[in-house]
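Numbering (my numbering), first residue to last: 26 to 427. Note that the Cβ used here is the ideal one computed from N, Cα and C, for glycine as well.
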Ligand code: GCO
Ligand code: MG
């Protein structure tokens, strides 16, 4: 089953995506997501210039060997560009294997461990009153878990608060938008938001909050403590996680569960966090963490240490990534939650897929393989359009984490 053709597809049906299509000499094709928000063309070039020539003529059935070949063979290891490129190849090869076997991918991963994948949606608004009505809309749609972000009084802009509710999109301009940040205003405001939310929705709706790497460990510890009465399912990315040790300090002070991992690319980025049980949820996902092969390795390590999955699933991860993530989510023993932000109708048409939302759960497709494709003709009608994520500065102008 030799690889005969590999195509790198860049498309912008409302936002930019990079996809990889691998076709075997028998005409079986597989797709992979290679989107790295704001740095898409680096991955596209990495694939086109350095990976595609290595794939032509290789045996498409050798998934693990191809992974090792691309990882060890490059000499330069890890990093988001390399790992997103490897992920795209790996995902496409799993898609092909499923199609050849005539089975949905989750069957090759051990079969179902649950009947559906619990997802969380994003309720965000400038003020508390509006966020309460946003949460109500998600509850009405059947969601069992909601991430809550609001504007901060005193700050003109805040991460996670957008104009278009259903299709939240942070990469909003060709040159980065500048936001202003104040930790003091933030720490004062957030507990008041969750007090209102709990009062309105009672004790059992799962509530989450994304800190977006903006605090120091001791500030995050204070936030965690102040949110304990409202029993959050997690606070996400409380501190930048280059220093895995930083989480130990937060852990000593609070029982609010911790989640991290959307910017991680390998098991080495979270090894200490997992084995020392410094976190509760690991949020790595297929496209940025080396594909299905490597993500499973991370989740298996996590399972040994009481850490559950909580994969990233923002709109910059294409429906190809979402389809692949759902097959992993439904199969692994230590699934926690899956993030789900709806894609725009244009994106859904470019990536026709069989996964579906029902009463708070997503269900993977029952088609052989991933159950997702790319309409290449339609994709070609949406050329790349530069868009970057915002940056963040403190009130005195100092650059801060976004
Ligand atoms: C999330 C995220 C996203 C990211 C985005 C970056 O938890 O959904 O933090 O909103 O900012 O995916 O590309
Ligand atoms: Mg996040």
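For residue 57 and residue 98, the rounded distance between their alpha carbons: The sequence position of residue 98 within the chain shown is 73, counting from 1. The sequence position of residue 57 within the chain shown is 32, counting from 1. Cα-Cα distance, rounded: 20 Å.
Check: residue 261 C-beta below 6 Å from any heavy atom of the ligand MG: In the chain shown, the residue the question calls residue 261 occupies position 236. At least one heavy atom of the ligand MG falls within 6 Å of the beta-carbon of residue 261.
Span of the alpha helix (DSSP H) around residue 298: Taking the first residue of the chain shown as 1, we reach residue 298 at position 273. Run containing residue 298: 296-300, per the alpha helix (DSSP H) assignment.
Residue 203 - containing beta strand (DSSP E), residue span: One-based indexing of the chain shown puts residue 203 at position 178. Per DSSP, residue 203 is one residue of the beta strand (DSSP E) stretching across 203-206.
Stretch-stretch touch, CB-based, cutoff 8 Å, three pairs: the stretch 78-92 with the stretch 117-124: Taking 8 Å as the limit for Cβ pairs, the verdict is that the stretch 117-124 does touch the stretch 78-92.
The stretch 149-158 contacting the stretch 405-414, beta-carbon criterion three pairs below 8 Å: No, the stretch 149-158 is not in contact with the stretch 405-414.
Short Cβ contact (7 Å threshold) for residue 340 with residue 221: The count along the chain shown starts at 1 and reaches residue 340 at position 315. The count along the chain shown starts at 1 and reaches residue 221 at position 196. Here residue 340 is not near residue 221, since their CB atoms are 7 Å or more apart.
Same chain, Cβ closer than 6 Å to residue 264, neighbours up to 5 away in sequence not counted: Here the question's residue 264 lines up with position 239 in the chain shown. Answer for residue 264: 240, 242, 245, 271, listed in chain order.
Any alpha helix (DSSP H) of 4 or more consecutive residues that is wholly inside the stretch 229-282: The qualifying runs are 242-252, 271-278.
Sub-7 Å separation of residue 129 and residue 375 beta-carbons: Reading the chain shown from its first residue, position 104 is the one you call residue 129. Reading the chain shown from its first residue, position 350 is the one you call residue 375. No, Cβ-Cβ distance for residue 129 and residue 375 is not below 7 Å.
Whole-angstrom distance between residue 210 and residue 391, CA atom to CA atom: Here the question's residue 391 lines up with position 366 in the chain shown. Here the question's residue 210 lines up with position 185 in the chain shown. Cα-Cα distance, rounded: 48 Å.
Check whether residue 260 and residue 236 have beta carbons under 7 Å apart: The count along the chain shown starts at 1 and reaches residue 260 at position 235. The count along the chain shown starts at 1 and reaches residue 236 at position 211. Against a cut-off of 7 Å, the Cβ pair of residue 236 and residue 260 comes out as a contact.
Proximity to residue 149 [Cα-Cα], best of 164, 134, 170, 175: In the chain shown, residue 149 corresponds to position 124, counting from 1. Minimum Cα-Cα distance from residue 149 among the listed residues 164, 134, 170, 175 corresponds to 175.
Residue 343 vs residue 36 beta-carbon contact at 7 Å: As a first step, residue 343 must be located in the chain shown, where it is residue number 318. As a first step, residue 36 must be located in the chain shown, where it is residue number 11. Not a contact, by the Cβ cut-off of 7 Å.
Candidates 52, 41, 40, 42, of which the one nearest residue 31 by Cα: Within the chain shown, the letter at position 6 stands for residue 31. Taking residue 31 as reference, the option from 52, 41, 40, 42 with the minimal CA-CA separation is 52.
CB-CB length for residue 83 against residue 27, believed under 8 Å: As a working note, residue 83 is residue 58 in the chain shown. As a working note, residue 27 is residue 2 in the chain shown. By a beta-carbon distance limit of 8 Å, residue 83 contacts residue 27. Their separation comes to about 7 Å.
Residue range of the unbroken alpha helix (DSSP H) whose run includes residue 112: In the chain shown, residue 112 corresponds to position 87, counting from 1. Looking at the DSSP string, the run of the alpha helix (DSSP H) that includes residue 112 is 105-126.
Coarse secondary structure for residue 42, derived from DSSP in three states: Along the chain shown, one-based indexing puts residue 42 at 17. DSSP places residue 42 in the strand class (E or B) of the three-state scheme.
Check whether residue 233 and residue 172 have beta carbons under 7 Å apart: By one-based count along the chain shown, residue 233 stands at place 208. By one-based count along the chain shown, residue 172 stands at place 147. Result yes, Cβ atoms of residue 233 and residue 172 sit closer than 7 Å.
Cα-Cα separation between residue 309 and residue 215, rounded to whole angstroms: As a working note, residue 309 is residue 284 in the chain shown. As a working note, residue 215 is residue 190 in the chain shown. Distance from the CA of residue 309 to the CA of residue 215, rounded to the nearest whole angstrom, comes to 26 Å.
Boundaries (first-last residue) of the beta strand (DSSP E) holding residue 419: Your numbering for residue 419 matches position 394 in the chain shown. Residue 419 -> beta strand (DSSP E) spans 416-419.
Reduced DSSP secondary structure (H/G/I, E/B, other) of residue 68: Within the chain shown, numbered from 1, the residue matching residue 68 stands at position 43. DSSP places residue 68 in helix when its eight states are reduced to three.
Own chain residues within Cβ distance below 6 Å of residue 360, not counting five before or after: By 1-based counting over the chain shown, the position of residue 360 is 335. The residues are 334, 354.
Distance between residue 45 and residue 398 (C-alpha atoms, nearest Å): Here the question's residue 398 lines up with position 373 in the chain shown. Here the question's residue 45 lines up with position 20 in the chain shown. The alpha-carbon atoms of residue 398 and residue 45 are separated by roughly 10 Å.
The ligand GCO heavy atom lying under 6 Å from the CB of residue 429: This structure gives no information on residue 429, because the portion of the chain shown stretches from 26 to 427.
C-beta contact flag for residue 142 and residue 386 at 7 Å: Translated into positions along the chain shown, residue 142 becomes position 117. Translated into positions along the chain shown, residue 386 becomes position 361. In contact: residue 142 and residue 386 (Cβ atoms closer than 7 Å).
Close Cβ partners of residue 73 (< 6 Å) along its chain, the five nearest in sequence each way excluded: The residue you call residue 73 lines up with position 48 of the chain shown. Correct list, in chain order: 33.
Contact set for residue 160: own chain, Cβ-Cβ below 7 Å, skip 5 residues either direction: In the chain shown, residue 160 corresponds to position 135, counting from 1. 148, 171, 173, 222, 226.
Residue 290 beta carbon near the ligand GCO (any heavy atom closer than 6 Å): Taking the first residue of the chain shown as position 1, residue 290 is located at position 265. Using a cutoff of 6 Å, the CB of residue 290 does not count as near the ligand GCO, since none of the ligand's heavy atoms is closer than that.
Secondary structure, beta strand (DSSP E): runs of 3+ residues fully inside the stretch 153-203: Annotation note: the stretch 153-203 contains the following uninterrupted beta strand (DSSP E) runs of length 3 or greater, listed N- to C-terminal: 170-175.
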